[in-house]
Structure formats: C-alpha cells, structure tokens
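In the order they appear, the protein sequences are chains P and G.
When we follow full-length UniProt numbering, the leftmost residue of the first sequence carries the number 1, and every step to the right adds one.
When we follow full-length UniProt numbering, the leftmost residue of the second sequence carries the number 1, and every step to the right adds one.
Glycine included, every Cβ here is placed at the ideal spot set by N, Cα and C.
The model shown is predicted, which means the values in this text are computed figures rather than measured ones.
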Amino acid sequence: MSDEEHHFESSDAGASKTYPQQAGTIRKNGYIVIKNRPCKVVEVSTSKTGKHGHAKCHFVAIDIFTSKKLEDIVPSSHNCDVPHVNRTDYQLIDISEDGYVSLLTDNGSTKDDLKLPNDDTLLQQIKSGFDDGKDLVVSVMSAMGEEQINALKDIGPK
Amino acid sequence: MLGFSNGSGGGGVGAEDLAQLQSTMRAIELACSYIQINSNPVAAEATILSLHQSPQPYKACRYILENSQVANARFQAAAAIRESAIREWSFLATDDKGGLISFCLGYVMQHANSSEGYVLSKVSSVAAQLMKRGWLEFTPAQKEVFFYQINQAILGSHGLDVQFIGVNFLESLVSEFSPSTSSAMGLPREFHENCRKSLEQNFLKSFYQWAQDAALSVTSKIIESHSSVPEVKVCNATLRLMHQILNWEFPYSKGGTRASINVFSDGIRPDNALSRKTECVIVQPGASWCDVLLSSSHVGWLINFYSSVRQKFDLEGYWLDCPVAVSARKLIVQLCSLAGEIFPSNNVQMRDQHLLLLLTGVLPWIDPPDVISKEIEEGRSGSEMIDGCRALLSIGTVTTPVVFDQLLRSLRPFGTLTLLSMLMGEVVKVLMANSTDEETWSYEARDILLDTWTTLLTSMDGSGGNAWLPPEGIHAAASLFSLIVESELKATTEDDADCLASVSAMDERLGSYALIARAAVDATIPFLAKLFSDHVARLHQGRGTVDPTETLEEVYSLLLIIGHVLADEGEGETALVPDALQSHFVDVVEANNHPVVVLSSSIIKFAEQCLDAEMRSSIFSPRLMEAVIWFLARWSFTYLLLVEECNLGSNKLQSLPSRACLFTYFNEHNQGKFVLDIIVRISLTSLTSYPGEKDLQELTCFQLLHALVRRRNICFHLLSLDSWRNLANAFANDKTLFLLNSVSQRSLAQTLVLSAYGMRSSDASNQYVKDLMAHMTSSLVDLSNSSDLKNLAQQPDIIMLVSCVLERLRGAASATEPRTQRAIYEMGLSVMNPVLRLLEVYKHESAVIYLLLKFVVDWVDGQLSYLEAHETAVVINFCMSLLQIYSSHNIGKISLSLSSTLLNEAKTEKYKDLRALLQLLSHLCSKDMVDFSSDSIETQSTNISQVVYFGLHIITPLITLELLKYPKLCFDYFSLISHMLEVYPETLAQLNNDAFSHVLTTVDFGLHQQDVDIVTMCLRALKALASYHYKEKNAGNSGLGSHAAGHTDPNGVFHEGILSRFLRTLLHFLLFEDYSTDLVSTAADALFPLILCEPNLYQGLGNELIEKQANPNFKTRLANALQVLTTSNQLSSSLDRLNYQRFRKNLNNFLVEVRGFLKTR
C-alpha cells in the first residue's frame, strides 16, 4: 500500500489542539475553529467565486462553549483548523455550595476543578437530578484548553 | 315545524320568541363586529360557533338574515344554516329540507340588488350545497320546481340583478357537484359520484343552454351601447358559467371504451403525461353536446361578440383586461380544445371547420407577430396575445402537426407552423432585448409556445417517426432553433445574478428546444457542430490574453444544448438514439462524415484536453468541467458501446447504411473502447484535480461513473482498462480521494463494487471486491485494536478517516448483488467487532454514530435474504448487541447546551438514529418474507419475530411521544408496529407488561394523529390485535391473556383490559371526533373484532349513549341504530371477509344516521 498509510500511534502529551482539514470535507455537525473559537458546524453551503471560479464554503457554526453564532467563508480547497474535541464521562459525586462539582474519574481519584454552568435552566437540570438522589454521569467536553459539562445521563439506581 | 315550509312570509312569531330571536341576533352582530375590530376574538368566535352547533338554529338564522343590518351577521347566519342542516339532514322533515332551499333561493332573489355580494353568494352556495345533500332523495318534480324558478330568473324576466343571481347560483351548483371543488358532507364518496352522474346526464346541458340564452339576451345591448352597461355583469357571469361547465370532466358522456378508440382514429392523441408548464384540458363532452356547441353557431356568436366589442373599445387599452374580455377569451381558448365524440366520426370536416372558425377569431390577437409584440412593448396589455398563444396550444393538443399546419393555409399564404415559428421568434427577440429579471409577458408567452411545439413534436415521435413536419414547417423549426440558440448563448453571458444554476435546472426548457432541433436535424446538427468548433477555436486563440469567461459560458451552454439534442434523458431506462437522428442523413455512407459522429467526436476531443494540466488551468474551469461531465454521461448512455438488440429499438429503418455507421462507430470493434478510456481518465482527473468542487464530484460519481457501471457490457470493458485500474487503486490508496465529500465517497465505492460484475466468474468478482475493500476494513480493525483507542478516536483526523471508511463500506454494502454477496458479507463480518467498539467510543460523536448505523442498516438489508441459518444468527446477534449498546448510551441522556440550535440538532440527530434503527428492524422482518438461503424452513433456527420484538423492546423506551412528532419517524414506527401486529400477534402477547403497554400507548397516540396513513396503520394494528384475541379465545386458548383481562392494582383500583380501553377510545373517536371518511372502513374492521371481544362492555357503552340523549326522539333513533349496527345484513359473529364487509356497510349507515345529532352540543 502507499507510504501515506495511517499509523495509529497514540498522541503524545503535547498533542496539538487543532488539526488542519480541507474546508470541502468539513460537514454539518462537524467541528471547526472560527476566530480562534471551537465551534460546531450547523450549516454549510457552497458557492462559486464568479462564474468560472473555484468553489468556496460558507460555514455557520456555534461556539461549543459560549453558544455564540459565528460564520466564515473559506475556499473549499484550502485548509481549516478543526479543534480536537474530547469528551470524558465522570460520575457526579457532589455539588458544592460555591458552584463547583466533584467528579469521580476512571482511575478512582476525584476531579474538583469544574464549575457548574451559569445558566439557570442548565443548573436546574443538573441539580434537580442530583437532589433526587439519582446516579448521574456527566459528560465533560474539552477543546482548546476549555472544558464544560455538556450532557447528563441518568444511569439509574444500581 | 321550523317555519320554513310555508315558503316566504315571516308572520306568526310569538312575542316571546321574538325577544329571544332579537337577543340572538344582537349577540351574533356584536360578535361579528368584535371579530372585525379584533377585540377578544376567541369569545366572539365561540359565540358564533355556538350558533353553528346549536340544534336547529334555523329560525334564528332566518330572523338574522331577514332583519339584521350587519352584513357579517347575515353571512354567519347563512353559514350556520349550512352547517346545521348538513349535520341534521337525516332527521329533518322532507318539507323542511325543501323549505330551507327555497328560503335561501327566495332570499337571494329578493335581495338581488343588495350591495353586499358576498352575503348573497354565501346564501346561494348554501342553497347549492343543501340541494346537493338532498339531490338523491328529491323527486324529479321537486327539482323541477326549483329549476323552474332558476330558469325564469336566468331568462331575465325579473330584471338583470335576478338574472345575475340565477347564473351565480348555477355556478355554485356546478362547482358543488364537481369532485375537485365539492365541499365535504361526511358522506361516502359514492354519494358524490351519484350526484355527479345525475347532474351530468340530466342537467348540465340545459344549464349550458340557459347560459347561452341569457348571454344572447344581453349581447345586443352591450354591443350597441357606448359605455359600460349593467348587462356586462350578467354577460360575464354567463361566460364564466359556460367555461365552468366545459371544465367538467364528463366521465359519463364518453360512452365507455369505444370512445377511447375513437380518440385515436380521429387523429387525436390521448393526453400523455407530458410535464408541461401550461395547463391544457381537453374538453370531451360527448356526442350529445353537438347541437349546443357546434350546430347552434355558438362559436360564431362568441367570436363575433368578442371582436365587435374589441373593435368598439379599440382605443381603450384597459379593455383587454376587463373581466368580460378575459372570460370571453378563456371560453374561446377552451373551445379550441374541444375533442372526442362530439365530432361525428363520419364528418372530419366538421372539426376542421370548427377549429378554422376559432383560429379566424384568434388570429387578430397574434398576427402579424412583429406588430403585436411592438404594440405590447409600447404599453398595450399582453394578455390577449398570451391567450392567443394558449389557443394555439389547445389546437395543437387536439390535432396532428399536419392538420395544425393546414388550418391557416386557407387564410394566409403560409401554414400555422410558420406562424408559430414567427410568433415564437418574435417573443425570443423580445426576451433577448430586455434581459431583466422580472417576469414579463414574454416569459409566459415563450413557455406556452414552447409547450405548443413540444405537444406537436412529441406527437410525431410516438407515431413511428414517419410523420415529419411538412417541408415549410421544417424550415420554420430550423430558423427558430438558430434564433433560440443565439438567445440562449447571449442570455447566459449577460445575467450574472443567477449564473450558478446547476446543470439540471434548465433541463425542461432545453428538452423542448431539443425537440425543435430534432424536427429539422438536417440543418441543426451541422449548425451546432459549426458553432461548437467556432467557439473552441475562439477559446484557443484568446488563451492567456483575453478573459475567457464569456466564451467559457457560451461553450458551457452549447454543451448543454447539444447534449439535449443528441440524447434523451434515460431516467433509468435505456435511452434510444432519437428517431430523428437515426432516420435522417440517409446519403451518408461513411461514419466519419455522419454529422452526429462528427459533432460527438469534436466534443470528446475537446473534453480530452482537460487531461493536460496547463489546458486545465487556463480553460477547464470547474463549471465548464461540470458541463463536460454532464455531456459525457448523457451521451455515453445513448451512444457508447451499444449492444445491438437493446439500443436499436423497433424500427423499420434497420437497413439504412447511415444508421449502421452511427451505431457501429462507437461500438467495441471501433472507437468504443478508446472513448471509454478517455471518459474514465477524465473522471479521475475531475475527482483528483478539482479539490473541494462538490458539484463537479457529485456529477462525476452519480451521473457519469454510476451510469457506466449500470450497463453490464460496459463493465467487461472497464475492467480491462488501465485507467479503471488506476481509479480503483487511487480509491484504495490515494489520500486525495479521501477528500471527496461523503455522498461521492459512498457512490464511488458503490460504483467500483458494481463494476466487479465485469469479472469472468463469481470467484473473481468476489476477489476483486475483497481487494478493493481490504484496506478499508483493515484500517478499522487496526484502529479498534489500538490500545489507546479512546484518546486516538477523538482526534479530528481519525474522525475524518473513520467517517470516510464508513461511508465507503456503506456504499459497497448497498451494491450487494448475488455475484459479490460473499465478499461483502465477509467485509461486514470482519468489521463487526470494530463497529461495536466504535459505537462505544464515539457515543458522544453523533455524526459518526449515524454513519455506523446507516452502514449496518444497508449491509443487513443487502445481505439478509442470502444468509444461511448460522450466518443469520451471527448477524442477528450482532444487531442485537448494536441495539443494546446504542440504547444503553442514550436512555436517560440529556444534552445540556445554551444554544437552542444545538439542542435542536441533538434532537434531530436522535431522530435520525432511531429512524435508522427502525429501518434495521424492518429489514430483519423481511427475512421471513424473502429468503434465498438453501436452508429449508424447518431448520430456521432464529425466530425473527422474537428478535424484532426484542429489538422493539430495546428501542421503544427511546421513542418518546415527542420524537414521534417527526413525520417520517412516526410513519416508520407505525408501519413496523402494524406489520408486527398483523404478522406476529402471538409474540406481542408474550411481551412483558412494560413493553406491552408502551407499544399500546404509542398506538393510542397514533390513533389521535392527523395523518390519515398513521391512523390507518394504528387501526390495522388494533384489528390484528383484537381478531387474534378473539380467534384464540374461541379456540380455547388464552389469547392476549392478562393484557386483555384487566387487573386490580395493589390499591384496589381496577384497571380494565387493553381491548376494553381501545373499544372505548375507538367508539369515542368514531362518534365524536373529526376524521376523514376514508377512515371509516378501516375503523369498521377494527371495531368489529373489538365488539366481539368485549360484547358486555359494548352493550354498556351503548346504553350509556342512549341514556345521555335528552331528546326522546333521538333516544329511540339511537337505540334503533345501535341495534341495526350489530344485527342487520345478516351479520354473524365469525371473523371472515363477508362479515367484515357487512359490518363496514352497517357502520357507514350507522354513522350517517347518528353522527349528526350526537355531535350537536
């Protein structure tokens, strides 16, 4: 096979936060960096520069942390930055008074540096389940040095 | 009883009643005025609704109509009469029924001069609707009375206003009886059909005559007077009525099959389903109408009337758009499309005379074309000219081209085709001159004229190719075509705004142009060849020095036009070489000189130049490449490597040498393989050298490559080509092809797998597929075995790789054929474990999950029917693990996000996943229906129904009622459920309580959907459930067991069984809710077994209903009706077809009988 074949090596500690990827291959529901923010693409359209020019992609995307809408236009053969978005599941152990959560990691230690969302509805969704005494797993999304709780799952009483 | 039977006169109302009536009137008036000023509209609507729904509100309505000063209140009163009379019709006294109609008619006649026309037309339409409701029960004498009154009115004996009202009433009546415009009455379709038949056979012609008489009576007044007179209004109404009557479909006048034969022998084609922009209905009223329409000089009168009035108002431009002028022209156009038995078959001249007469009348609207178009450009209205075009279209629809052309010869030195060509040429010129974006008359005229050409020219194509246009017509077509090409090329270079229209956008129009070109191939093919080579030369000359955009655009359009002229759209069928191209150029003996070959070769030669990198950068823009690829796809489907038998078609011209050289030139012994090689190389270039050009890549994959491998004989040649090997290699190994977008990726994989058909043996085909896909499967296996999968998998480049590979696997899976099934089965087998692992690690990456699911869905769909028992078991286990893993990740999961867009996206993704899972289950079901495996049925080790129920069990908790609001998901879900219940009711009975009740909750939910299909499926499910239980019970089994019996919960509350619950729901649904009458039969099928299962409950519910009725009269009616429902028609208690049929009939009658008063509040 060709020498370009993929080798699956685990990334080292300093793994890059973003990867280049051709604009034409980024699709709806994929990720993209716009104005140095990690975003999720909600709309892609292509158009041409002039009648006989080359195609370009028009992205509408939403910042995965702040939920702000961002847009970008890139020639479709050029590269865009795609953020490395990681998601990790933790069991929710405790919610402290000052708005921090205490999470149980896979290897048994705890992670206590994550703050609850500021938005009331989201806060309510997390708190109400927790207050009901349900066993909750939270999924924490991290990208480009930021992290946030982005999903919640009730694994039910064991 | 209701105060209507004694005709007019409102005396005899007691003082108390009067006060009551007045207060009702006051309330309604108030409500109407509130609605108008939009203050508290809800309360106001409720007031009005209460009038509509109150029992027998006729007295109040009548009082309001006669006394209220508020027009809106009168309008509402009329509406209330309609509503309640239709509802209560079955128990109104015969006198009252007639009384209501004569009251309405009397009312409109009396108030004929009122200024509130909308009230009058409402009342008149109420009269029409009630008349239809009673149509089948009134005696002829009763109808006679009404129609005598109407006829008197229309004759004009009571003045113009009343005359107008009479015509207006007939208009409402006719539209009420015509199926597309009739209003719903809650009655079976049969009723409407009978009414239509009766009206058509006994009344329609008289109505037309009355309208004619009325029109005649006012004609002279209109022509003589010099200003607008009130007669015009009546005249317009009569013209409209005549137009409407001729719009009638006349299904009963055609005299059965004989008529359709006559249609052919008259030289009139049946209206084949052409996709035309302009509507042109053929009017076929049947032989009996001859006297009214043809021998009574009706047409002559109409033409004279129009032209004399037109002349009178010649100076006043607005007249052309006056209602009466518009109606008159409409009727003229309509008469142009008169056809069928009305023209006696032994008198062909009659039709020609008729058309000639009309053409004479229409001619001044369109001839001379240049003068007319100039006048319009200077500000005259274009509507008359457009109607003239429509008339030509109508005439073209009912005649052959030769007859069409002959018509004009007695009036002008040239034929109609020449006029058509001149007219269209003029329109095209106008279009060229002002290329503004706004829609002008010329656009409309062009479309209509184009339709006329299409109609005329397709008629020839069908008749075997010998009936060509007369020579003059050919000349006309040729000159028109060159004008069209000129204008198209000019138009494309001018408008920059919508230049991005895709290749297929102009298809329809270009298709019509191509027909014109093919009508004169001797001139047009050489013309196109010359034009093309000129343009290519121009491109080369200006290379590097001049901006080529304009020429590029012209070449682009030329390629599209030529593609349409040379070949037809295959649409999945084998596209034959167009007849015209086969049978012309008879004197050509050498292939190299055949104009079609010359033209094709020059384009292929031009296309080949894109392989050169330098040429590519200077000339072949992505857009031009799109046209090149499109052309090659279309052309190769019709001309490349033809197999003698299937592409020749049945043609008498077999032996022509010109034809032979057209066919052999591009076959395998000649240039065929060489051209195929060029095409493959061009495809590879367009896939690799135009990064990010999505449209181009899709076109290449879907149109060109896919069309090639669809033809089996081409596959053999493809596999022997180096270029094809290069393409396959690039696909497997080259990173650039990983950059194609997802659908192209999938399509390319499918194409390459399909081409394996070209291998000599099944083994070789399987090996080919294996080699092709080995790299993909191993990359997934490697990845899933990697120790650091969890972190690795989240890297964007890995996500992209996985997505690509999954798309390709899916493409390959969807190309499963018997020959390659083994290889594709093994491909899927080898990635089963990786798929499950990936499902785990990508649980938050919904885009990847969806691809995974879709791959499995397509793979299972392709494979299942071929699999042996042990393989089936493997696949099914795999699917179940997949369902379980998916479900465990998603049950109880909540997405948290501030962005509503992202939340909605998450919901949509979930919906798509579930839909895929349901499809998976449906595919699994199909194993029981279609099975090609060698095992006999006995050895079938897996019980599919249990598997599918188990699957349903897993995913139903994920299907929330919220998600069922997605129509497609809802449809898939309920079709699966109803299928399962119908085929395997016994397995449902074994489900545990939770799952069982969840399934039935959704059925209950489905019953209350708006969508008729969904409700039907739920009803079918219920029928299956209940009849299963009933039959099992009778056979001494437990049937649904505890589910049906009901149970007492720990708190001592009794929960009734599932069938009882549905019996209750269904009865309530049938009696009190609104639904389409189409549902009644299906509902009957469900209700019948339910009643049989729960006879006691049914009795109880019936008694309850009867008790609730306050009115003793209704009480007995209801009791009788309920009695009749279950006993009449010799209904017995066995569930067979006959009994179902009887019960359907019973239920229909029952509902007609009782729904009226039950729904009254």
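C-alpha gap between Cys499 (chain G) and Ser487 (chain G), whole angstroms = Because Cys499 (chain G) carries a pLDDT of 42, less than 50, the predicted location of this residue cannot be relied on, and no value is offered for it.
Classification of Ala728 (chain G) by the beta-carbon crowding that lies within 10 angstroms, buried from 16 upward = Sixteen is the threshold: when 16 or more other Cβ atoms of the shown chains lie within 10 Å of the Cβ of Ala728 (chain G), as they do, the residue is buried.
Per DSSP, His58 (chain P) forms a beta bridge with which residues?
-> P:Ser45, P:Ile73, per the DSSP bridge assignment.
Which one or two residues does DSSP pair with Glu146 (chain P) in a beta bridge?
-> Partner(s): P:Ala143.
In whole angstroms, what is the alpha-carbon distance linking Cys67 (chain P) and Ser897 (chain G)?
-> Reading off the sequence shown, one finds Ser at residue 67 (chain P), where the question assumed Cys. Between Ser67 (chain P) and Ser897 (chain G), the C-alpha separation is close to 8 angstroms.
Mind checking if Arg87 (chain P) is an interface residue toward chain G, Cβ cutoff 8 angstroms exclusive?
-> Interface with chain G (8 angstroms Cβ-Cβ cutoff): Arg87 (chain P) is included.
Which residue's Cα is closest to the Cα of Asn247 (chain G): G:Leu331, G:Ser217, G:Val232?
-> Per the Cα distances, G:Leu331.
So which of G:Ser658, G:Tyr639, G:Thr685, G:Leu687 has the shortest CA-CA distance to Gln671 (chain G)?
-> Cα-wise, what sits closest to Gln671 (chain G) is G:Tyr639.
Around the Cβ of Ile73 (chain P), are there at least 16 other Cβ atoms within 10 angstroms (buried) or fewer (exposed)?
-> Exposure of Ile73 (chain P) is indicated by the presence of fewer than 16 other C-beta atoms within 10 angstroms of its C-beta.
How big is the Cα-Cα spacing for Asp321 (chain G) and Lys132 (chain G)?
-> Annotation: Asp321 (chain G) to Lys132 (chain G) spans about 35 angstroms, alpha carbon to alpha carbon.
For His158 (chain G), which residues does DSSP report across the bridge?
-> Its beta-bridge partners do not exist; DSSP assigns none.
Using a beta-carbon distance below 8 angstroms, is Asp119 (chain P) in contact with chain G?
-> It does; some Cβ of chain G falls within 8 angstroms.
Give a yes or no on contact between the stretch 818-828 of chain G and the stretch 781-790 of chain G, applying the rule of three or more CB pairs nearer than 8 angstroms.
-> Between the stretch 818-828 of chain G and the stretch 781-790 of chain G, the count of C-beta pairs closer than 8 angstroms stays below three; the two stretches do not touch.
Answer yes or no: does any C-beta atom of chain G fall closer than 8 angstroms to that of Asp154 (chain P)?
-> Yes, Asp154 (chain P) lies at the interface with chain G (some Cβ there is under 8 angstroms from its Cβ).
At what residue ranges does the stretch 51-115 of chain G contain a whole run of the alpha helix (DSSP H), taking only runs of 4 or more?
-> Listed in chain order, they are 58-67, 71-88, 94-110.
Exposure label - Asn992 (chain G); buried when at least 16 CB within 10 Å = With fewer than 16 Cβ atoms within 10 Å of its Cβ, Asn992 (chain G) is classed as exposed.
Could you please give the first and the last residue of the uninterrupted beta strand (DSSP E) stretch that includes residue 162 (chain P)?
-> Shown here, chain P extends from 1 to 158; a query on residue 162 (chain P) therefore has no answer.
Can you check whether the CB of Met385 (chain G) is closer than 8 angstroms to the CB of Ala445 (chain G)?
-> Yes, they are a contact pair.
Mind pulling the chain G residues with CB within less than 9 angstroms of Gly30 (chain P)?
-> Those within 9 angstroms of Gly30 (chain P) in chain G are Pro796, Ile799, Met800, Ser803, Ala847.
Step through the CB atoms of chain G and report whether any lies within less than 8 angstroms of the CB of Lys40 (chain P).
-> Proximity of Lys40 (chain P) to chain G, defined by a Cβ-Cβ separation below 8 angstroms, is satisfied.
Report buried or exposed for Gly1156 (chain G), applying the criterion of at least 16 other Cβ atoms within 10 angstroms of its Cβ.
-> Classification of Gly1156 (chain G): buried, given that the 10 Å Cβ count is 16 or more.
Along the chain, where does the beta strand (DSSP E) that runs through Asp547 (chain G) open and close?
-> That residue, Asp547 (chain G), is in no beta strand (DSSP E); it is neither H nor E in DSSP.
What's the C-alpha gap between Cys1093 (chain G) and Leu1059 (chain G)?
-> One C-alpha to the other measures close to 8 angstroms.
Could you spell out where the beta strand (DSSP E) holding Gln22 (chain P) opens and where it closes?
-> Note, Gln22 (chain P): beta strand (DSSP E), 18-22.
For Leu739 (chain G) versus Thr25 (chain P), is the C-beta distance shorter than 8 angstroms?
-> Contact: yes.
Span of the alpha helix (DSSP H), counted from its first residue to its last, around Asn1034 (chain G) | Per DSSP, the unbroken alpha helix (DSSP H) holding Asn1034 (chain G) starts and ends at 1012-1034.
Which word fits Arg1144 (chain G), buried or exposed, when buried means at least 16 other C-beta atoms lie within 10 angstroms of its C-beta?
-> It is buried - the Cβ of Arg1144 (chain G) has at least 16 other Cβ atoms within 10 Å.
Check whether Lys865 (chain G) and Lys927 (chain G) have beta carbons under 8 angstroms apart | Inspection of the sequence shows that residue 865 (chain G) is occupied by Ser rather than by Lys. Lys927 (chain G) sits close to Ser865 (chain G), with the two beta carbons spaced by under 8 angstroms.
In whole angstroms, what is the alpha-carbon distance linking Arg87 (chain P) and His844 (chain G)?
-> Taking the straight line from one Cα to the other gives about 7 angstroms.
Apply the 10 Å Cβ neighbour rule to Arg258 (chain G) and answer buried if 16 or more other Cβ atoms are within range, or exposed otherwise.
-> Because the pLDDT of Arg258 (chain G) is 35, which lies under 50, any placement of that residue in the model is unreliable, and the question is left without a value.
Does the stretch 1112-1124 of chain G come within contact of the stretch 215-227 of chain G, defined as at least 3 CB pairs closer than 8 angstroms?
-> Here the stretch 1112-1124 of chain G makes no contact with the stretch 215-227 of chain G; the two share fewer than three CB pairs at distances below 8 angstroms.
Sequence-distant residues of the same chain with beta carbon closer than 8 angstroms to Lys1033 (chain G), five excluded per side | Closer than 8 angstroms at the Cβ level, and outside the excluded window around Lys1033 (chain G), lie Gly1039, Cys1093.
Listing by chain order, which chain P residues have their CB less than 8 angstroms from the CB of Arg623 (chain G)?
-> Result: Lys48, Lys51, His52.
Expressed to the nearest angstrom, what Euclidean distance is found between the alpha-carbon atoms of Tyr100 (chain P) and Asp106 (chain P)?
-> Each residue's alpha carbon lies about 19 angstroms from the other.
Taking the alpha helix (DSSP H) that Ser922 (chain G) falls in, what are its first and last residues?
-> The continuous alpha helix (DSSP H) containing Ser922 (chain G) extends over residues 900-926.
Expressed to the nearest angstrom, what Euclidean distance is found between the alpha-carbon atoms of Val848 (chain G) and Arg746 (chain G)?
-> Rounded to whole angstroms, Val848 (chain G) to Arg746 (chain G) spans 15 angstroms at the Cα level.
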